[in-house]
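Residue numbers (the working numbering): 10 to 304.
Structure, rendered in structure tokens:
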């Protein structure tokens with residue numbers, strides 16, 4: 010082959026090929042300058058916010074009866090995310106989008122539930138897992154979901170939901186005597202109950218065979234697993250019994266949720282708004298079933 014006069018003889022064909030490859034690599038490197046690096050594992054772009062359902066349910070019980078618009082500690086950000094989603098659907102005004110789960114938010118959420126085809130207890134303004142997940146589509150994920158389970162379970166022959174039955178079994182297991190229910194849930198048979206048993210999570214328990222100490226020990230066991238529980242007496246206008254509300258049951262009636270507000274603020278859950286008369290030794294820090302299970 011005749012060498013070109015512009016290329017020294019020392020440059021072989023192989024050397025020219027190597028130089029060409031190197032030049033190509035340099036050009037490729039130049040073209041890549043300024044492009045973003047691949048996202049590292051875990052660096053998700055546009056990750057959704059997270060709404061803690063347990064905290065939203067707590068606010069559903071604590072906030073509505075308040076005289077002002079104060080928020081429930083630990084719940085405000087989660088409630089606000091729910092309210093913003095309701096506002097985006099035209100169901101809640103900007104003035105009520107404030108992290109306080111008040112009556113306006115209850116009404117807006119109930120309207121949303123009905124728009125999904127729900128009715129009755131499933132459209133009570135309290136988020137259920139299904140409706141909350143759908144509301145959050147594209148906006149937030151739902152963490153720590155709470156469900157009542159079947160509404161046709163029973164405990165001691167009285168109707169309760171699956172969650173309430175599990176709570177009662179746990180409390181029963183702490184005692185050397187058995188819990189005997191006199192009234193279950195999902196019933197309006199007793200007008201003296203003022204609607205507290207109309208939904209889920211609420212039971213009445215007999216204490217007729219228990220000593221005073223055993224009655225208070227039963228209260229303590231119930232409160233330990235997440236019930237708002239009080240001893241009712243003739244001085245309250247009732248025969249002796251224990252009234253217990255499973256805190257954060259999504260099926261709970263409005264009047265029963267209002268009693269949880271009373272329990273939260275150290276009251277007796279009755280119309281007179283008196284202080285809780287449970288002796289200090291039998292009181293327990295506020296908890297609910299799912300929180301109790303987590304230790």
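Yeah, the Cβ is synthetic: ideal placement off N, Cα and C, and Gly gets one too.
Query, Result
"Residue 191: first and last residue of the uninterrupted beta strand (DSSP E) it sits in", "190 to 192"
"Validate contact between the segment 137 to 148 and the segment 162 to 172 using beta carbons, cut 8 Å, 3 pairs", "no"
"Burial state of residue 238, where buried means 16 or more other Cβ atoms lie within 10 Å", "buried"
"Three CB pairs or more closer than 8 Å across the segment 73 to 81 and the segment 150 to 165", "no"
"Check whether residue 291 and residue 234 have beta carbons under 7 Å apart", "no"
"Distance between residue 229 and residue 289 (C-alpha atoms, nearest Å)", "10 Å"
"For residue 36, three-class secondary structure by DSSP", "Note that residue 36 scores 36 on pLDDT, short of 50, meaning its location in the model is unreliable and no value can be drawn from it."
"Inter-residue spacing [alpha-carbon to alpha-carbon] between residue 44 and residue 148", "Only weak support is given to the placement of residue 44: the predicted model assigns it a pLDDT of 36, under 50, and the value that follows is read from those uncertain coordinates. Whole-angstrom Cα-Cα distance: 29 Å."
"Own chain, CB closer than 7 Å to residue 215, minus 5 neighbours either side, in chain order", "189, 191, 250"
"Alpha-carbon to alpha-carbon, residue 197 and residue 106", "34 Å"
"Residue 239: first and last residue of the uninterrupted beta strand (DSSP E) it sits in", "236 to 241"
"Cβ-Cβ distance between residue 210 and residue 255 below 7 Å", "yes"
"Beta-carbon proximity of residue 253 to residue 219, cut-off 7 Å", "no"
"Local Cβ density within 10 Å of residue 205, reported as buried at 16 or more and exposed below that", "buried"
"Residue 220 - partner residues in DSSP beta bridges", "Residue 220 is not bridged to any residue."
"Of the residues 176, 264, 263, the one placed nearest residue 227, counting alpha carbons only", "176"
"Proximity winner among 207, 180, 201, relative to residue 193 (alpha-carbon distances)", "207"
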